[in-house]
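In this note's numbering, the protein residues as written are 1264 to 2218.
Reviewing the structure listed below.
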Amino acid sequence: MEGLVHIHGPHCVFIGQPSGSLMRLETEYTGSGRSDDEWTESIFQTGSFLSSFKSFLPTLGATHSHASEIISMATHPWPTDIDYVWTLSRDRVLRLWKPRIGCVVAKTLSHGVGRESSPISGRSSPGKPQVLLDAERQTLLRVFSFTGDDDHFYILAFLPTLSSPMFGGSFQLLDTLSDQVNEVGVIQCSRHTAHCHLQDFMVIGNVLYTLWDRQGQSMVEKTMLDLSSVRNNGLSVWESALCAPETELTPANLEEVLMGKGSMADKYFDAVMRPNVFSTLTLRTAIDQYTDACLSLPGPPPNPLTVTYASLEENIAAVVGCTVNLNRDPSTGALQHDKYWNALKRDWEGFIARCREIERSARWPLVLGAQGQGDVIVVERERISALVAEDLPIHLHQVLSHDLRIADSQYDLFGILWTLRHKVGAQTMLSLESCLVDLMHQEIAFPFADILKDQADDAAFILEKLAGCFGPDNALGQEDRDALQNVLPSSQLFDSSYSFYLYMATLFKSNSLQHYEVHFTQLALSVAPSNTDTSFLWHTVVRGYIDLGLFEEAYAAWISTPSDTQKREHISRLVYRMCESNQVDKLLSLNFATYADEVEDALSFKARNADPLIRPSYPHILYSWFLSRGDYRNAASIMYQRARKLQGLMTREPSLVTRLAGEQLEAYMIAMNALSLADPKNLWFLLPGSADATNEFPQHKSLITRNIPESRYSLGKHENEIIQLSDIQYEYTLLSAQIAVIPALPSLTEILPIPSSIILKLAQSNRFNMAMATARSLEVDMTDLFAHLTIQCLRLSHNPDVVVQEDTSDWLLTDNVSTWPGTPADKGWRYMRESLRRHDGIETDFKYSKITLETILTFQLSPPPWLIQVLEDYHHEYLIRVSLRFGNLEQAVDHTLSLIRKTESRLARETPRNAGSMWLPYTLIDQVLVSGIAQEPSPPRLSELRMEVTNRDLS
């Protein structure tokens, strides 16, 4: 039998069926001495017999077969004599069931974007998809009564919205009274629950407690249930509680662990066995799984896998890494130490990763529990925690974590320490904490400590001079040696100046005097015995100079480092710190020899992944790097990619347009300038393709690809894009125009306008020079632009004072136009003539001259003679047709006569090849004649036109 089971006390059990029906099992109490209770079974359907029969006919019902499946049930908390049960099905229908009656109320809860499966057709909205809740059993219902009103039942129904970026869902509060279920209101969850999953919730008194799975971590939130506030849609105030953060052995933390002293295995073992990192059960489970995995490998098992150990610690120390062997190179016979240590490191990291996964699974939240009045416990898979009241330490932590000021001045020290903790960094803070602990728990017995803290410069000078007192060749007498031994730590002499320098470096490090730590480490390097492993010393020197901001010294030490691996490890840190310290010029002046590619990789990584709005700007730094090395194409590419990234930010968040458009324009300009310096034969670069790459300028680039191979559809394969200088110029011009029209936009609620809209907005703001230049560069049609310019010229002729009061700085008040003689109207029409001469002609079929004429005729005004002359020279028939269209028969007749005589004049100059060489649009001429005859009175020159036509027919 499948279905959700809900136990309501010791004598009643409810089982939900996949079809949505409910089975009730109950028995009567027959005494504590009997174990053969008789159970009665009752099955209730969700509706009538007809609806139940109809559900078996797929052609009669459109509802999904599992839409009515019950996924949550609730009853009044035990003990109670109320034997009602409330259920919630996948189609969000809340039902109230009564014994011996069945379902008495069915109410559909309002929809929300939740943890849903695929949409299916539903009954509530025919023709529209119905979104179902997940089929997994969930705690979505609770029945409760408010304190003092035990006979009045309320229902809390939770509807998840896991896909919402704002919150995890909402609770609907419903009132159950006299077999009626009425909505009271909605309780919205807090923003902290976004992308979280509700595990359990309960109501204690008038307080709602919720348990959330927050990426594997338990989070409890509570809020007061106020009926009046819920009814009036008031905002709920939530209080959150989390377990104290615990240190995890992440890969980054493991790298820090390896920096300590001791062997690799010892350092990993100490980290694993550190208290409060992993539980004993986690370690036992992990080592058992690790052992089983090793035993499954081919070949005889290593001896540590077959031995029984007295303790868990011994088991882990002996087994982890036991399968790793130190082998010899087959060609040279040399021991392969590097491969051995790498394999051992991978083995330990795999074991630690296994422990982390088991521990995370063990701390998965399950349910809430109540103990006493208001005491809430959280049950996880392998531990139980309690919700405690906020005491003073927790209160101070909450105040400081929210950047608030502590009201009580006696705790100001905590505020100072909290600020230091976030300002000075983890390393310095740990050193400070260590010093404070030492001061509180013990006296300072070693006199060097006072010297190092108060007079570090003098102490370093004196201690450096002491190095000659150690070693077999020192010239100290016995008395001097005894005196020196009395002031040294542990009352011992050092066997060499090398060991003394190392000790001094460690001492300065323990007191956070990094400069002198580096200085004495360098001294140790200068006297290090041959065949001594000095890699950790070089690491200290290079990293120390980088942290101190002494970049020239850091570079010199880096160059001197003998290990190629260490050099590569330190490059990114050196580059990033120099950039963060605004030492870009110094960085560009460094050579880096054969490691220049690593520098480029480090800068490229930051340029691709760092926030483009923060400083330092890694795209600018990488551009300067390429430019200083004459690599103009890569320099242009990195700035072009920055422009694309800024475009993506503005597309996702239009409110950033006014802030970022100027920076994007600058990036385009820099990219153009850099690419212009490259070889004229190679004014292009390759832009790597990506899965989310979008073409921001479809008007400029429209490529059609046919016969696409199947390999192109494979995951992770994306086409590269070739960017030419003309492409950048196009995008720069478009963005310049978009910026120019930003003040004219009512609001920036969407991306910047397309080119055609930009040209129109520029024209509407009388910026005709910029509009024409932009349209010419972007290859945008200027028909609407010249129509608007014609209207402005007509306004100048009719009422010049009104137009002059507008902003005409981009056409009438330019340096060139302002020197023209005449009235503003004369200047406007001359500007129109010059603009048509530059932008209109045979290649445009004189369409801008045509729209100019049609705009003038629309207002029933006479066009200027020069406009008529241009169209007579190239589009005489158009003049006749447009005159007929606007009802100007007199001008139609004049244009027809002019066409006939122009044709005759041309024939007189040229010898016709045959009698039919003269062609005239007789159909159009007949149309003019018919229209002229029909008009009363007839056009003045109609008779002249008729005579011309008659003579042509006779000849």
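Don't be surprised by glycine CBs; every beta carbon is placed ideally from N, CA and C.
With contacts defined as CB atoms closer than 8 Å, residue 1804 and residue 1834 fail to qualify as a contacting pair. According to DSSP, residue pairing for residue 1947 in a beta bridge involves 1987. Residue environment: residue 1560 is assigned as exposed (fewer than 16 neighbouring CB atoms within 10 Å of its CB, all protein chains considered).
For residue 1416, there is no enclosing alpha helix (DSSP H); the residue is found in the beta strand (DSSP E) stretching over 1416–1423. Shown here, residue 1524 sits in coil according to DSSP, grouped into three states, outside any helix or strand.
With a minimum length of 4 residues, the unbroken runs of alpha helix (DSSP H) contained wholly in the stretch 1436–1504 fall at 1490–1494.
Of all alpha-carbon atoms in 1830, 1330, 1987, 2060, the one lying nearest the alpha-carbon of residue 1900 is that of 1987.
Residue 2168: member of the alpha helix (DSSP H) spanning 2152–2172, first to last residue. Inclusion of residue 1806 and residue 1836 in the CB contact set at 8 Å is warranted, their separation being smaller than that value. The three-state reading of DSSP puts residue 1345 in coil, since its state is none of H, G, I, E or B. In the displayed model, residue 1337 falls within a strand according to three-state DSSP. Checking the DSSP bridge columns, you'll see residue 1360 partnered with 1348, 1366.
With respect to residue 1488, residue 1475 sits apart: the two C-beta atoms are not nearer than 8 Å. Taking 8 Å as the cut-off, the Cβ atoms of residue 2202 and residue 2195 count as close. In the three-state reduction of the DSSP assignment, residue 1628 falls in the strand class.
In this structure, DSSP gives residue 2026 a helical state, which the three-state scheme calls helix. Under the rule that a run must span 4 or more residues, the alpha helix (DSSP H) segments found entirely inside the stretch 1876–1928 read 1881–1891, 1895–1915.
Leaving aside the five residues that flank residue 1892 on each side, none in its chain has a CB nearer than 7 Å to its CB. In its chain, beyond the 5 residues on either side, 1281, 1353, 1398 have a beta carbon closer than 7 Å to the beta carbon of residue 1329.
Under DSSP, residue 1403 takes part in no beta bridge, so it has no partner. From the listed residues 2023, 2127, 1843, the smallest Cα separation to residue 2057 is found for 2127. Contact check for residue 1541 and residue 1653: beta-carbon distance about 29 Å, past the 8 Å limit, so the pair fails to qualify. For residue 2055, the three-state secondary structure derived from DSSP is helix.
Taking C-alpha positions only, residue 2055 is separated from residue 2005 by approximately 22 Å.
With a 10 Å radius around the Cβ and a threshold of 16 neighbouring Cβ atoms, residue 1724 comes out exposed. Fewer than three pairs of CB atoms, one per stretch, sit closer than 8 Å, so the stretch 1586–1598 makes no contact with the stretch 1524–1544.
CA-CA distance, residue 2088 to residue 2151, rounds to 25 Å. Per DSSP, the continuous alpha helix (DSSP H) segment holding residue 1550 begins and ends at 1543–1558.
Using a Cβ-Cβ distance cut-off of 8 Å, the stretch 1995–2002 and the stretch 2023–2041 are in contact, since at least three pairs of beta carbons, one from each stretch, lie closer than that value. Distance from the CA atom of residue 1410 to the CA atom of residue 1470, rounded to whole angstroms, is 10 Å.
A residue is called buried once 16 or more other Cβ atoms fall within 10 Å of its Cβ, and residue 1270, having fewer, is exposed.
Here residue 1615 has 1512, 1517, 1531, 1534, 1535 as same chain residues with Cβ atoms under 8 Å from its own Cβ, once five neighbours each way along the sequence are excluded. When DSSP reads this structure, residue 1638 sits in a beta bridge with 1634. With fewer than 16 other Cβ atoms from the protein chains shown falling within 10 Å of its own Cβ, residue 2173 counts as exposed. Cβ neighbours of residue 2046 within its own chain (closer than 8 Å, five residues either side excluded): 2110, 2111, 2114. The beta carbons of residue 1527 and residue 1631 sit no closer together than 8 Å.
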